[in-house]
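These notes concern the structure reproduced below.
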Amino acid sequence: MRGARTLGRLAPFVALAIIAIVPLLVTDRFLLKIFTFAGINALVVTGLALLFGYAGQVSLGHAAFVGLGAYTCAFCTVRLEWPWLLAFIASGALAAVGGLLLALPSLRLKGHYLAMATLGFGLLMTLAFVEAEPITGGVDGFGGIPFPTLGPIEIREASSLYWLVWAIVGIALVAAFNVTSLRPGRAMRALHGSELGAQACGVDVVGVKVRAFVVSALLAGLAGALYASVVGFVSPSIFTLTASIAFLAMAVVGGTRSLSGPLAAAVLLTLVQYLDALIPGIPRETAQTLQSYQEDIYGLAIVLVVVLAPGGLASMWRRQTRGSHAS
Amino acid sequence: MTMLQVRNVTKRFGGLTAVDDVSFDVFQGTIKALIGPNGAGKSTLFNALTGFDKPDHGSVLFEGAELIGRRPRDTVQAGVARTFQNTQLFEEMTAGGNVMVGSQAHQRRGFATAMLRLPAAIDEDHDAREQAGRLLRLIGIEEWIDTPASDLPAGIRRLVEIARALATGPRLLLLDEPAAGLNTTETHELVQTLFRVRDTGITVVIVEHDMGLVMDVSDEIIVLDRGRKIAEGPPRMIQKDRAVIAAYLGEETDEDA
Numbered sequence: 663m664r665g666a667r668t669l670g671r672l673a674p675f676v677a678l679a680i681i682a683i684v685p686l687l688v689t690d691r692f693l694l695k696i697f698t699f700a701g702i703n704a705l706v707v708t709g710l711a712l713l714f715g716y717a718g719q720v721s722l723g724h725a726a727f728v729g730l731g732a733y734t735c736a737f738c739t740v741r742l743e744w745p746w747l748l749a750f751i752a753s754g755a756l757a758a759v760g761g762l763l764l765a766l767p768s769l770r771l772k773g774h775y776l777a778m779a780t781l782g783f784g785l786l787m788t789l790a791f792v793e794a795e796p797i798t799g800g801v802d803g804f805g806g807i808p809f810p811t812l813g814p815i816e817i818r819e820a821s822s823l824y825w826l827v828w829a830i831v832g833i834a835l836v837a838a839f840n841v842t843s844l845r846p847g848r849a850m851r852a853l854h855g856s857e858l859g860a861q862a863c864g865v866d867v868v869g870v871k872v873r874a875f876v877v878s879a880l881l882a883g884l885a886g887a888l889y890a891s892v893v894g895f896v897s898p899s900i901f902t903l904t905a906s907i908a909f910l911a912m913a914v915v916g917g918t919r920s921l922s923g924p925l926a927a928a929v930l931l932t933l934v935q936y937l938d939a940l941i942p943g944i945p946r947e948t949a950q951t952l953q954s955y956q957e958d959i960y961g962l963a964i965v966l967v968v969v970l971a972p973g974g975l976a977s978m979w980r981r982q983t984r985g986s987h988a989s
Numbered sequence: 079m080t081m082l083q084v085r086n087v088t089k090r091f092g093g094l095t096a097v098d099d100v101s102f103d104v105f106q107g108t109i110k111a112l113i114g115p116n117g118a119g120k121s122t123l124f125n126a127l128t129g130f131d132k133p134d135h136g137s138v139l140f141e142g143a144e145l146i147g148r149r150p151r152d153t154v155q156a157g158v159a160r161t162f163q164n165t166q167l168f169e170e171m172t173a174g175g176n177v178m179v180g181s182q183a184h185q186r187r188g189f190a191t192a193m194l195r196l197p198a199a200i201d202e203d204h205d206a207r208e209q210a211g212r213l214l215r216l217i218g219i220e221e222w223i224d225t226p227a228s229d230l231p232a233g234i235r236r237l238v239e240i241a242r243a244l245a246t247g248p249r250l251l252l253l254d255e256p257a258a259g260l261n262t263t264e265t266h267e268l269v270q271t272l273f274r275v276r277d278t279g280i281t282v283v284i285v286e287h288d289m290g291l292v293m294d295v296s297d298e299i300i301v302l303d304r305g306r307k308i309a310e311g312p313p314r315m316i317q318k319d320r321a322v323i324a325a326y327l328g329e330e331t332d333e334d335a
């Protein structure tokens, strides 16, 4: 049991080691970009894993935080001509403030009502991205966003962008792992398990909820900044309810009380969108059909997981390790 | 020494007065039982004492400090811990993990320290783990430490909740029906456990229906009926009290006649 658990704990790091060597094996720039998007989604989903998987708080508005980060990065680098790193940090910070605001209703609302509040927040933000034209460029979007720079180094190669994104994912995962394995993670799980019980233990229930929202929003904001810098263009159509549901689907499929499950789900469900590029033989029409049914696939994934495997990938993995130990 | 002073506590739910002008004292180092028929207001009173509910009227002084108006978290940090009639364990966590959450009442390390895995956070975690083991041994259920709460038998669940409450480092422990669902052997073990807890210097208030257990452990008993205190005193006295017998058996008393 202990060996299996250690293995389970190490899994994310093994996965990251594999992820790190991808650019050495894959030279196709488009493919690398897909894997880079997988990393950006993984960053968002890591935050959601903390918020949803550990603290048990649902969010149907996370794309709004990604958008907030993306637009902040665009505005700061293009209009304000800030150094990229500063804009990147500002993106995370502003999204975190948004998370703080969204945390406020979460203190009074639970379950479906919280889901509705986050849904409303997401829709409102999408509207704001369209309407705040002087800042966001409105429906036409915001273009000409520069590549990331670290001091004098401009990161523009597909492989360097890939590594930058996944390095940040790696840092986020290590930090998230530390949080979940120590006191704050235990408080989050307690809150998820029984709010009354958590209160009786002196857990700062309000503080835990607020922190979970803020940290997950921060990671989403950083992911948004990375997206803006990698693609060079952002528009409101990217940060919609559909995207929020996609993120939640990744977190749900990945499973609760896990970081590796959501990581795997984020990568897999991102790759599903680009099957035509990944599998050379696949007929174009099949790929297009799959793409047009993307939302349905996510919806179906959520339903299947909730009905058939409530714990998601993570619990299947846990059951496997437990079973193998018993034999 | 008086540890807890409950004065004129009243709690109404709509037209129903669940707790009606109840006053009593709890002395340090004693076990006091709170008994009464279903709906007598015992759990409501517990909720009022621990910040889970705010009474409409009255005062609760713990070691001289007012408890009314505090949040549950502040009550715990002041040194008053509780368990629930319906156990509120964290099902996905192990028995040991549950008890470790109890330690959070007096832990200080936050998000940032944990995120960076600073030694302070690791030490604190280590201490909580050791304390969990120590408390589960005190309660006599250390063999369940790695079992998920959802897999624990009912009797063990109640004991884990007591261990978890102890992990908060209380000076006053409030137990809401700890013997519910226990068999005779388990109840007997619970009695021993309660004495061990009291002997560590912790004052105990217990709501319980098992009269055998109540008579065995308590130094003093308070009887509630329909929100009112109808009797208070040592077990021998309560056993003979006519109002108490009437409340339990539903007989008319001289008073009522």
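Chains A and B, in that order, give the protein sequences. Under my numbering, the residues of the first sequence are numbered 663 to 989, in order. Under my numbering, the residues of the second sequence are numbered 79 to 335, in order. Ideal Cβ placement from N, Cα and C applies to all residues, glycine included.
Under the rule that 16 or more other beta-carbon atoms within 10 Å means buried, what is A/A849, buried or exposed?
Buried, by the Cβ-count rule.
Report the neighbours of B/G188 on chain A: residues whose CB is nearer than 9 angstroms to its CB, in chain order.
Neighbours of B/G188 on chain A, chain order: R845, P846, G869 and R873.
For a test of the three-state rule: what should DSSP assign to B/N86, helix, strand or coil?
Here B/N86 sits in strand by DSSP.
So which of B/I240, B/G233, B/D229 and B/E202 has the shortest CA-CA distance to A/S843?
Of B/I240, B/G233, B/D229 and B/E202, the residue nearest in Cα terms is B/E202.
Where does the unbroken beta strand (DSSP E) through B/L112 begin, and where does it stop?
I109 to I113 is the span of the beta strand (DSSP E), which, as asked, contains B/L112.
Could you spell out the range, first to last residue, of the beta strand (DSSP E) harbouring B/E298?
That run of the beta strand (DSSP E) goes E298 to D303.
Could you spell out the range, first to last residue, of the alpha helix (DSSP H) harbouring B/D288?
Note, B/D288: premise wrong, no alpha helix (DSSP H); not H, not E.
With B/T95 as the anchor, note down where its alpha helix (DSSP H) starts and where it stops.
Note, B/T95: premise wrong, no alpha helix (DSSP H); beta strand (DSSP E) at L94 to F105.
If you follow the alpha helix (DSSP H) that A/S891 is part of, which residue opens it and which one closes it?
Start and end: V867 to V893.
Closer than 8 angstroms by C-beta to A/L940: which residues in its own chain qualify, once you throw out the five before and the five after it? Chain order, please.
Once the five neighbours on either side are set aside, the close Cβ partners of A/L940 are L693, I696 and L933.
How is the beta strand (DSSP E) around B/F124 delimited, first residue to last?
No beta strand (DSSP E) contains B/F124, which is instead part of the alpha helix (DSSP H) from K120 to L127.
What are the partner residues of A/T811, as DSSP defines its beta bridges?
DSSP lists A/E816 as partners of A/T811.
Reducing DSSP to helix, strand and coil, say where B/D134 ends up.
Correct three-state label for B/D134: coil.
Going by DSSP in three states, B/T165 sits in which element: helix, strand or coil?
Looking at B/T165 - three-state DSSP - the assignment turns out to be coil, as it is neither helix nor strand.
If you measure beta-carbon to beta-carbon, which residues of the stretch 234 to 253 of chain B are closer than 9 angstroms to chain A?
Per Cβ criterion, the list reads E239, R242, A243, A245 and T246.
Our contact map puts B/V158 next to B/L252 with C-beta atoms below 8 angstroms; I'd like the distance itself, whole angstroms only.
Sure, about 7 angstroms apart at Cβ, within 8 angstroms.
Can you tell me which of the three DSSP states A/L910 falls into?
Helix.
For B/D254, write down the residues that DSSP places opposite it in a beta bridge.
DSSP, once it has assigned bridges, lists B/V285 as partnering B/D254.
Between the alpha carbons of B/A206 and B/G290, how many angstroms are there, rounded?
Spanning the two alpha carbons is a distance of roughly 35 angstroms.
May I ask whether a heavy atom of the ligand MN can be found less than 7 angstroms away from the beta carbon of B/A159?
Looking for the ligand MN in the displayed structure turns up nothing, as the structure carries no ligands at all.
Check whether the Cβ of B/G311 lies closer than 8 angstroms to any Cβ atom in chain A.
Not one chain A Cβ lies under 8 angstroms of B/G311.
DSSP puts A/L748 in a beta bridge; with which residues?
Looking at the DSSP assignment, A/L748 forms no beta bridge with any residue, so it has no partner.
Please state if the CB of A/G864 and the CB of B/R151 are separated by a distance shorter than 8 angstroms.
Contact: yes.
Strictly below 7 angstroms CB to CB, what residues from chain A border B/P150?
Under the 7 angstroms cutoff, chain A gives Q861 and A862.
Which whole-angstrom value describes the C-beta separation of A/A765 and A/L730, a residue pair presumed to lie in contact below a C-beta threshold of 8 angstroms?
Contact doesn't hold; Cβ gap of about 15 angstroms is too wide.
Under 9 angstroms between beta-carbons, which chain A residues line up against B/G180? List them in chain order, please.
What B/G180 touches in chain A: A862, C863 and G864.
I need the boundaries of the alpha helix (DSSP H) containing B/K318, first residue and last residue.
B/K318 -> alpha helix (DSSP H) spans P313 to K318.
Note down the Cα distance separating B/R85 from B/L272, rounded to an integer number of angstroms.
Roughly 26 angstroms between the two C-alpha positions.
Would you grab the beta carbon distance between B/V97 and B/G119 for me? Rounded to a whole angstrom, and I think it's under 8 angstroms.
Sure, about 4 angstroms apart at Cβ, within 8 angstroms.
A/I815: buried (16+ other C-beta within 10 angstroms of its C-beta) or exposed?
With fewer than 16 Cβ atoms within 10 Å of its Cβ, A/I815 is classed as exposed.
How is B/L139 classed by DSSP in three states: helix, strand or coil?
Three-state result, B/L139: strand.
Would you identify the three-state DSSP class for A/A794, choosing helix, strand or coil?
Here A/A794 sits in coil by DSSP.
Any beta carbon from chain B within less than 8 angstroms of A/A794's own beta carbon?
It does not: the Cβ of A/A794 has no partner Cβ on chain B nearer than 8 angstroms.
Please list the terminal residues of the continuous beta strand (DSSP E) segment that includes B/R236.
Premise fails: B/R236 lies in the alpha helix (DSSP H), A232 to A245, not in any beta strand (DSSP E).
Report yes or no: is there a C-beta of chain B within less than 8 angstroms of the C-beta of A/N840?
Closer than 8 angstroms to some Cβ of chain B, the Cβ of A/N840 qualifies, so yes.
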